[in-house]
Each structure stands twice: as structure tokens, then as C-alpha cells.
Amino acid sequence: MNGVASQKFSARTRLTAVLLTGSMLAWPVAALAQVAPPPVTSTLPVPPTEAAPTAATIKTITVVGNQRLEAQTILSYLRLRVGQPYDRSVLDQALKDLASTELFKDYQISDDNGALTIQVTENPVINRVILEGNKRLKEDKIRPEIKLAPRQIFTRSKVRADVARIIELYKRQGRFAATVDPKMVQLDQNRVDVVFEIDEGPKSKVRQINIIGNEQFSDGELRGEMATKQASLGNLLSSNTTYDPDRLAYDQQKLRLFYLQHGYADFRVISAVAELTSNKQDFIITYVVEEGERYKFGDIDVKSQLRDFKPETLKRLLPMKTGDWYDAKLVEDTVESLSETAGLFGYAFADINPEFRRDPETRTMAITFDVGESPRTYVERIDVNGNTLTHDKVVRREFRLNEGDAFNSFGVKRTENRLNSLGYFQDKLEIERKEGSTPDRIILETNVEEKPTGELSLSAGFSSIENFLLQASIRQRNFRGLGQQLQASVNYSSYSKSVELGFTEPYLFDRNISLGGSIYRRDLNSFNFINNNRQTTFQQTTTGFQVNMGVPLTEFMSVFGRYSLNLDDVTLDKNLYYFGGNCDPLVAGRYLCDAIGKRTTSLVGYTIAYDDRDNRLRPTRGQSFTLGQDFAGLGGSVRYVRTTATASKHFNLGSKFILNISAEGGYIYPLGDAPSPTSDKVRLTDRFFLGEPQLRGFDIRGVGPRVVRYGNVDLTDPMNPILDTSDNARVDDALGGRAYYKGRFEVDIPLGSGAKELGLRPSVFLDFGSVWGVKRPTLTTLADFRDPADGITKYLCRNASTGATTFASQTVVTDTTTGVVTPTGQYTTCDVTNGFTPLAPFEERYLGDSWKPRVAIGAGVNWNSPFGPFRIDFAYALRKEEGDDTKRFSFNVGTQF
């Protein structure tokens, strides 16, 4: 008995040592010291080595030390049975079986002449699993990877596995220096808290990308083709500076594609190795490449088994020619183009295979495009999935194909563009083509992901100029999921107030006819600045409504009609601009006096629009044109014809650079008489104005004809008055114009995925434009304050009751000694006792009435911020006319829901 027990215990000791050693690979000794089994010293005599062990029979088996596990459950893990013969190997196997359960932190078997006692100490139960130190990865990202859970049995193998999974998560985030230190906190009732102490470490950046073997292209050119970027200040916002094994494989494909586009058909990447620096903070990536020889296109041919595809005709349309440098991307685009062309004829599943014949001796690549036989296809079914808010008919009415129609790839592409232009669904929505019940049937499946279609803009503030500011607008572009548009806006400040409510039904009675309308009230205070103090010039109140209707003429052309009725009331502050009960031209200016009064504008108009852009919200290609006219005079007191035209074209420059060229212009032709012989026939409030935001780099109404008044005159020498023409001494009133034009060149700049994730879309632009063409107003100059009797510049003295005007005199000083009366000082004294008030000299100048373009360049960025869409622009005026007001910085903000 003693011999067997001694051998058994030695086997257990060796096994326990192995388990503890394995556990120490992931667990600190100090943390787990409390769970290590106590050392056991055998007091059993060692049998003589020459004695061979004899087999005994198991008489009884007793389990002690178990708390949660039943004895029968423990015995079920073992192969020991009463009445079974046993020896040391049987007991060793029993110890191994106990170890494999991972249920016990200590176990041993005692043998008393066949009476076996199995002594166990159970592993603790997990009370909590705690994460500490994780900031970059939130718990909801880590917890699904952890297999340990409360009320489970604690095992070291599970802990090691969880540590490995957490570290792998951090590696996917580019944090290869992350470490996880598991700790165990012992509680009562054999329970433990498991704590994972995480040191996330810095992101492991790509310090350097080395390329070996490239001779035709520089390292910089090849790095520019890769998705992975070297860490530098220029790539500060990019998330591609971290190491990613998947991105490394992708970059190898990018390199191969780049070389194939330049004719190197034999190019291959021999090896790509990423080495982690000793501090685990940086990677050095090394590519070894073999460029091979450069190929040219050999014979180009087309074979077609489709009746509508004539090989001779298709061959003339191919973009590549024999002798051109080989370009694999061009071949791929040609296959796609041929597939689209086949789709126009109804072959949805046309089989087009390019057959390559490489000749290493002549270094040419001959290609035959084989258009295989396939049946014409018809639309069997149109499926729309994923629209939870938007009604099915809203999606289906945008389809250019119906069920049962012959398939047409152009119709599918046009449908995709129309759906994307709605702005209701995810960007770049695509219609999947699936095989139908027979080879000549196709199913068009549209899987949409709805996105917010509501827009909310809200801002409030306070300034010394505007006082309290409140601007709020709300618009829902997919009201009730029917594609209807509902909008409301409120604007309130000390200088402007407006309320507007509008509604548009795009498909009236489910027909392709749009009908909409709006009602509004707008109170606008025009203003200027005197010594940086804002001063209101005139107030305009407009109350009215508009009704509009649109009907498509063709797929890309529509016509819109509208009618509006406006009641306008333009007033001036009588305390500032009135004299003798009437508008004072000397103070207000004849142009403002002519603008005051009430008028009714009855306006009927139309617009013809052409638009074939791929997306009306964020177009990348296509053009749009509009021509509109409004006729005022169908009733009312205002009569004119206003004509406007716009044009815009988008170009895809490649590499996701988008160029937009747009132009706009208009002219107002008066049909009525002028308010006065000296004023323009088109009233001030009906003219065109130009400035921010239409023309960046200039202030609101900052371009075009204006009257600038200089009111600071030094009369120290009244014969030679000095006029202060500094910006702080001027009053600026924009007059607008009958004609205007403006244009824009703007390039959208793509950024890396990091900036894209932040919602940043920068652009650079060049804006130009002008507004001009009003009658020169009557101006007041210093000559009007010069007394013709003596040529001296004097104040004017005016009587509001009688309308009499005279020149001011000097102040009279009487000598108290001699009684002599002596005039002295400037000519500023008026006979106030008889109702005369003084008017200081000033000079008005007419500036800015020129067709010559104003030009500004700048850069801006759209940011989908947490507060909503945010646009910032910095612009610099390259060319301006005297009198123009410039502005370098502007922004606006809103939100979506």
C-alpha cells in the first residue's frame, strides 16, 4: 500500500508542477500565489527498488473536500471503480483525469490497502469580471470577446485565452504594445473577482515604408498608391498610418494594379515584411518587388455571338490601339463598358471574356474580347427591401423599368441616380441584378438603408450690434414617408424678423406633377456702419404667398410655373431721415427717398430646367441648366420682367477629385416709369444684389453700385476743407443693379479614411462675379456746402417749418472792454431761435457700378459635426473695385434628424 501511494503522489507532484509552470506564462506569480497548492511532504517509506509493484483491488472510493460538486459527479470523470484492480499507472491516470476537468486547484489520492480517498480543493467561482485601464476600447467592444463570466468556475486556461483575445483586439486597433495583466481578488465562500488590468499603449504607427527592386518608379510614387501611409505631419488626420495586416495585403494588390496600368504585366511582389520595433510602437514595412518588362498592346480583336453586336463596329469603339502601352485597368473598363452596352440591348447577363496572348519576345499583349451568347432578359420582379418609413410607392415610382419590361442597363443606372438624388437612403445605393426563374428573366432587388431626412438649424446669441439673435428652421424632405416636403423657419433679431411655412407634394394624385406653396412674412432692416456702429437705413416689410407647379417634359427636362403675391412696405426712420415732414434727400439720399412707400407685386413666372447629374445632392458628374422668367404686372403696382439663367457641370477628375464649374446671370427690364426723374426705373428692393454667400470673399451685398458718404470734414481752413476718407468715417449703402453674373470653379478634395470618418469634405474654389447697371443717383458733395458769396465751406441752416435754407455764420465774440463785436471760429452757427437747425458738410460718392469681375480664391470645409452640418470658408479677394466690402471668413451650421 505504501509503495503504491508513494508512486501516486510523485505523479501528482510532477503534473501539478507542469500545470503551474504553464499558468505562469500568462499570470504573475504574485497574483496567483494565493491559489497555488501547499507543498506536501510524503512520510511514506520508499519501497526497495528491486521489488516489483503488485496489483491490488479497489475496495472503496471516498471523495472529500468537495463543496459544490457531488461526489458521483467527480467520480464520473475518473475510470476508477470498486472491485477493479489498480496500480500506480491507474492512479496516475486518475490524477490526469482530475487535472483535465480544470475544476480543482488542488487534488490528491490516498491509498489505504485499497480504500482510496480522493481529496479535492475546488476552483473558486467567479463573482465579477472587471476591466481597468481601457479608454480607447470601450467595454461593449471587449466584453463579447471575454468568455469568463460571473457564476462560472474559474480556470487559468480560460484566463489565458481571454488575455490573448483582448490583446488581439488591441492589435486590430494598431496597438501592438498593449498588455493585459490579469489579477484575482479572493473573496469569501470560495469566490473571486477577476480583474484585467489593461495598459493600452500607443498606436503602433508605420514609421517607414521601404521598397526594394523598383527602378522605373520612385519610392514616393509607389507609396502614394498604397492605402498605408507613413506617419508624418501631412498624414496627421489619416487613420491609415497604423499597421494593419489586411491593409498590407491590399497594398500589394494596389502595387500590382499600378504596374499593370503602366504595362508591366510580369510585375510581382516577391515579399512584404512588417517588422515591429523593439519598443513595439512603430512598424517598418519592406517590399521586395520585381518589375519585369514593359508590354504594349498587340492585336486587338472582338468576337461576338450576339446578333446585335457587330464585331467590326465594336472594334472601332475600343479605347486601346495596337502599339499603345498595355493598361490592365483600361481592359477592365472596356469589359465593363461592353457589359453596359450589352445591357442597353437587353442582355443583362452578357458573358464578356478578354482572352490574353502574351508574347515575351516582342513584349506585346494581344487581346480578343469574346462576347458569349446569352438570351435577352426581361424584368420578372422588382423587390424593395429595408424601407421602414418610406412607402413602397415612393421608391417604385423612381424606377425607369417596370415588371415585364425588357431589361435595359441605362434604365437601371438612371433609377439608381434618381434614388440617390432623393437623399432618403444610404449613399451610393445600387440595384442588385439576380437571375430569375428562367434564363431570360431577371430580378431587380433594391436594398435600401434609410437615413435622416429631417434638417434642423438652430442658433442663438447676443452681440452689441444685433442684440439678441434667434434663428431656427426645420425641414422634413420625406414627410410621412410619402416624399412630401414640409418646412418652417423663424428668424428674429433687432434687425431682421421672418416667418415662413411651406409644403410641396412631388407626386400630385400619384402623377408625376409637383405642387407646392409657401406663406411668409419678412421684416428686413437694411443697415450701414458709422464709426463701427450699425445704423438702420430703411425697413422693408414683405407679406405674401407663392404657389408653384412642376411637370416633366422628358427624363431630364422639366418645366415649372409659379405665382406669387407680395405686399411690400418700405419706410425710413422719420427722426433721422425726415425734414419738414418729408424724406430729406440731403440726409437719406434721393435713392432711399424713392424707395419708400407701399406697393403690391403680382408675379407670374416659369423655369425650364435640364438636369442629368448623377446625384442632385452630391453630384460627381453631369450638368444642369435652368432658364427662368418672372413677369411683374399681372395686377399690382410694380411692373418689370426678370430673366435669370444658371448652368453647372461636374467633372470626375479621378482619384475622387470632383470639379464643379457653374455660372449664373440675370437681368431686370423695367416696364413702368421711374418714381422720380432722377431715379432708376427699377426700385431698390427689386434689384439684384451680390455678396456673401453667393460670392465668397465679399461681405453681404458687398459688391456692386453703392453710395459712400464721408461725414468727417475738417473745417479748420474753411477755404480748403479736408475730407476724412478712412473706412471708419464712411457710410456705405448698397444700391444693387439691374444686371448681374457670377461663376465658380470648385474642386472637392478627397481625404483619408480618418478624416472621412470625421465627416470632413474640404474644397478649394475661385469665385467671380459682378452686379451693375443702375442710373447714377443725385449726389451731395462739399460744393453744396460752399457759399457762392465768399467761397467758404459752411454748415447749412435749415428751417423745418418754412423750408428755408441758409448758410451758417461764425460765432460772435464781444470784447467787454471796448464793446467791439468780432466773429470767430468756424461757420457752424445757425439761428436756432427762429427754428433753424445745422447740417454738417459731407460728401457722397458713387462707386462700384462696373461690369468688371470681382475675383476671390479660397478654401472651405464641410464638417458633419455632432451639432449638424458645419461649413467654414476662408477667402481672399484677388480683384475688387473701389467701394467693395471684403470678408475673409464665414461659416454656417445646422443639424439633421
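Here our numbering is used: the first residue of the sequence shown is 38, the next is one more, and so on.
Even glycine gets a Cβ: it sits at the ideal position worked out from N, Cα and C.
Nearest neighbour of residue i, chosen from the options [CA to CA]
i      : options                           : result
Asn612 : Asp631, Phe575, Thr579 and Ser639 : Phe575
Glu107 : Leu140, Asp124 and Val485         : Leu140
Gly780 : Asp761, Asp769, Leu797 and Val808 : Val808
Ser685 : Gln245, Leu664, Pro181 and Asp910 : Leu664
Asp761 : Ser113, Leu466, Ala311 and Glu881 : Glu881
Thr680 : Leu671, Ala646 and Gly642         : Gly642
Leu354 : Arg344, Ala365 and Val339         : Val339
Ala403 : Gly670, Tyr614 and Asp364         : Asp364
Val306 : His299, Pro161, Leu375 and Arg293 : Arg293
Phe447 : Val231, Asp429, Leu381 and Phe386 : Leu381
Asp868 : Pro755, Val811, Val850 and Ala845 : Ala845
Asp631 : Gly423, Ile321, Val719 and Leu752 : Val719
Asp605 : Tyr628, Phe593 and Gly634         : Gly634
Asp218 : Gly170, Phe735, Gly773 and Ser838 : Gly170
Gly810 : Arg775, Gln583, Gln226 and Val768 : Arg775
Val372 : Lys208, Glu392 and Val100         : Glu392
Gln226 : Glu349, Lys133, Phe406 and Arg105 : Arg105
Residues near residue i in its chain [Cβ-Cβ closer than 7 angstroms; skip 5 each side]
i      : result
Gln252 : Looking at the sequence provided, one finds Glu at residue 252 rather than Gln. Contacts found: Glu328.
Glu176 : Leu168
Gly102 : Gln156, Val157 and Thr158
Asn749 : Asp761 and Ala766
Asp336 : Thr359 and Ala403
Endpoints, the beta strand (DSSP E) within which residue i is located
i      : result
Glu392 : Ile389 to Asp396
Pro742 : Per DSSP, Pro742 belongs to no beta strand (DSSP E) and is neither H nor E.
Ser639 : Gly634 to Asp648
Gln847 : Ser846 to Thr851
Asn612 : No beta strand (DSSP E) contains Asn612, which is instead part of the alpha helix (DSSP H) from Lys611 to Tyr614.
Ile146 : Phe141 to Asp149
Ile321 : Asp319 to Glu327
Cys630 : Note, Cys630: premise wrong, no beta strand (DSSP E); alpha helix (DSSP H) at Arg627 to Cys630.
Lys366 : Premise fails: Lys366 lies in the alpha helix (DSSP H), Ala365 to Leu381, not in any beta strand (DSSP E).
Gln521 : Gln521 to Tyr529
Gln189 : Element bounds for Gln189: n/a, residue is neither H nor E.
Ser113 : No beta strand (DSSP E) holds Ser113; the alpha helix (DSSP H) holding it covers Ala108 to Ser113.
Asn171 : Neither: Asn171 is in no beta strand (DSSP E) and is coded neither H nor E.
His687 : Tyr677 to Gly691
Phe546 : Careful: Phe546 lies outside any beta strand (DSSP E) and carries neither H nor E.
Contacting residues, own chain, Cβ-Cβ under 6 angstroms from residue i (five flanking each side not counted)
i      : result
Asp785 : Ile695 and Ser800
Phe516 : Leu523
Tyr144 : Leu135 and Val157
Glu919 : Leu884
Pro622 : Cys630
Gln521 : Glu542
Arg284 : Ala264 and Thr265
Leu803 : Phe782 and Ile894
Continuous alpha helix (DSSP H) stretch holding residue i: start and end
i      : result
Glu467 : Run containing Glu467: none; DSSP gives neither H nor E here.
Ala130 : A quick correction: the sequence has Gln, not Ala, at residue 130. Element bounds for Gln130: Arg125 to Thr138.
Leu354 : Pro348 to Leu354
Ser474 : That residue, Ser474, is in no alpha helix (DSSP H); it is neither H nor E in DSSP.
Thr657 : It is not in any alpha helix (DSSP H) - Thr657 carries neither H nor E in the DSSP assignment.
Ile179 : Glu176 to Ile179
Own chain partners of residue i with C-beta closer than 8 angstroms, once the 5 adjacent residues on each side are dropped
i      : result
Arg655 : Asp464
Leu62  : With a pLDDT of 30 at Leu62, under the threshold of 50, the modelled position of this residue cannot be trusted; read the value that follows with caution. The residues are Arg197.
Gly659 : Asp648, Asp649, Arg650, Asp651, Lys686 and His687
Ala682 : Phe662, Thr663, Leu664, Gly665, Glu701, Gly702 and Gly703
Gln298 : Asp364, Ala365, Lys366 and Leu367
Met756 : Gly828, Ile829 and Thr830
Does the contact criterion of 3 or more C-beta pairs under 8 angstroms hold for the region 876-895 versus the region 723-740?
Result yes; three or more Cβ-Cβ pairs closer than 8 angstroms.
List in chain order: all unbroken beta strand (DSSP E) runs of 3+ residues lying wholly within the region 209-284.
216-224, 228-236 and 242-249
So within the region 399-457, which uninterrupted beta strand (DSSP E) runs reach at least 3 residues, ignoring any that extend past its ends?
Taking only runs of at least 3 residues, the beta strand (DSSP E) segments lying wholly in the region 399-457 are 401-408 and 415-422.
Enumerate, from N- to C-terminal direction, the unbroken alpha helix (DSSP H) stretches of 4 or more residues contained entirely within the region 742-777.
none
Segment contact flag, the region 233-241 with the region 254-262, C-beta cutoff 8 angstroms, min 3 pairs
no
Given 8 angstroms, three or more beta-carbon pairs between the region 725-738 and the region 920-928
yes
Output the residue ranges of the beta strand (DSSP E) runs that lie fully inside the region 819-877 and measure 3 residues or longer, sorted by chain position.
833-836, 842-844, 846-851, 858-866 and 873-876, all fully within the region 819-877.
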